[in-house]
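Right, one structure below, let's go through it.
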Amino acid sequence: RKEVEQDPGPFNVPEGATVAFNCTYSNSASQSFFWYRQDCRKEPKLLMSVYSSGNEDGRFTAQLNRASQYISLLIRDSKLSDSATYLCAVNNPSGGYQKVTFGTGTKLQVIP
Amino acid sequence: DVKVTQSSRYLVKRTGEKVFLECVQDMDHENMFWYRQDPGLGLRLIYFSYDVKMKEKGDIPEGYSVSREKKERFSLILESASTNQTSMYLCASSLGAGVKVEQFFGPGTRLTVL
Numbered sequence: 145r146k147e148v149e150q151d152p153g154p155f156n157v158p159e160g161a162t163v164a165f166n167c168t169y170s171n172s173a174s175q176s177f178f179w180y181r182q183d184c185r186k187e188p189k190l191l192m193s194v195y196s197s198g199n200e201d202g203r204f205t206a207q208l209n210r211a212s213q214y215i216s217l218l219i220r221d222s223k224l225s226d227s228a229t230y231l232c233a234v235n236n237p238s239g240g241y242q243k244v245t246f247g248t249g250t251k252l253q254v255i256p
Numbered sequence: 043d044v045k046v047t048q049s050s051r052y053l054v055k056r057t058g059e060k061v062f063l064e065c066v067q068d069m070d071h072e073n074m075f076w077y078r079q080d081p082g083l084g085l086r087l088i089y090f091s092y093d094v095k096m097k098e099k100g101d102i103p104e105g106y107s108v109s110r111e112k113k114e115r116f117s118l119i120l121e122s123a124s125t126n127q128t129s130m131y132l133c134a135s136s137l138g139a140g141v142k143v144e145q146f147f148g149p150g151t152r153l154t155v156l
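Heads up: the sequence lines are chains Z and X, in that order.
Taking the numbering used here, I'd label the letters of the first sequence as residues 145 to 256.
Taking the numbering used here, I'd label the letters of the second sequence as residues 43 to 156.
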């Protein structure tokens, strides 16, 4: 099983819709979680960090479910500008270091 | 704002050449990372460094080496470039404190090896 798994999509949703992505992780000792947004041919940019149960920032909500070992990202009222790939990242303690593992991303296309 | 810069946005090199990719961060971060990103494979960690002159192998270190002589600068070296090293290379940095280890990325270097 991969350490971090995401559905690659694409998720094609109309403007104004609500869309949710899940990201599953395999290590129950994972301590912190991140969502990044990556536009085509650009670098990943941090969208949200989650250290406890969840986090909310405007239209974006991240929820952590430790029992089932997944983290979700909910986007409300989707905008055309939300079209991007969303990467999940999970932080695990590893040999004295904090090792962050990234998923391969979920592609979102918001259509007019 | 954290700023991570990389020396080149695009590079074209020939097989067998020695290639240097440089990364500089301006936020006094302890940790620095080099990844490559390929379609369908996601971000793969090549090397990371948690302090000056310290380095650790990531998941795919073969064919690469690194140097960290100053805290703000982390260099990736391809000793003898090969066509399978054609990729997008991303540098990142993060604080070393606790679990708040958000990584901040540079703009990337798209390397083509002919």
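By construction, the Cβ of each residue, glycine as well, lies at the ideal position given by its N, Cα and C atoms.
To which residues of the same chain is X:G100 closer than 7 Å at the C-beta, ignoring the five residues directly before and after it? For the purposes of this step, residue 100 of chain X is taken as residue 58 along the second sequence, with counting starting at 1. These residues qualify, in order along the chain: L87, I88, Y89, F90.
Entirely enclosed beta strand (DSSP E) segments - the segment 57-93 of chain X, minimum 3 residues: 61-67, 73-80, 84-91
So that I know if they touch, is there some Cβ in chain Z lying closer than 7 Å to that of X:V143? Locating residue 143 of chain X in the second sequence gives position 101, counting from the first residue. So, interface residue.
Would you grab the beta carbon distance between X:R115 and X:E64 for me? Rounded to a whole angstrom, and I think it's under 8 Å. Numbered from its first residue, the second sequence carries residue 115 of chain X at position 73. Numbered from its first residue, the second sequence carries residue 64 of chain X at position 22. Confirmed, about 7 Å.
Kindly indicate the opening and closing residues of the beta strand (DSSP E) around Z:A211. Position 67 of the first sequence, counted from the first residue, corresponds to residue 211 of chain Z. Element bounds for Z:A211: n/a, residue is neither H nor E.
State the DSSP-derived secondary structure class of Z:S196, mapped to helix, strand or coil. As a working note, residue 196 of chain Z is residue 52 in the first sequence. Residue state, collapsed to three classes: coil.
Give the interface partners of Z:V244 over in chain X, defined as CB-CB distance under 7 Å, in chain order. For the purposes of this step, residue 244 of chain Z is taken as the residue at position 100 of the first sequence. What Z:V244 touches in chain X: V143, Q145.
Tell me whether Z:I255 is buried or exposed, calling it buried when 16 or more other Cβ atoms sit within 10 Å of its Cβ. Taking the first sequence and counting its residues from 1, the one referred to as residue 255 of chain Z is at position 111. Looking at its Cβ environment, which holds fewer than 16 other Cβ atoms inside 10 Å, Z:I255 is exposed.
To the nearest angstrom, how far is the alpha carbon of X:K113 from that of X:Q67? By one-based count along the second sequence, residue 113 of chain X stands at place 71. By one-based count along the second sequence, residue 67 of chain X stands at place 25. X:K113 and X:Q67: Cα-Cα distance of roughly 9 Å.
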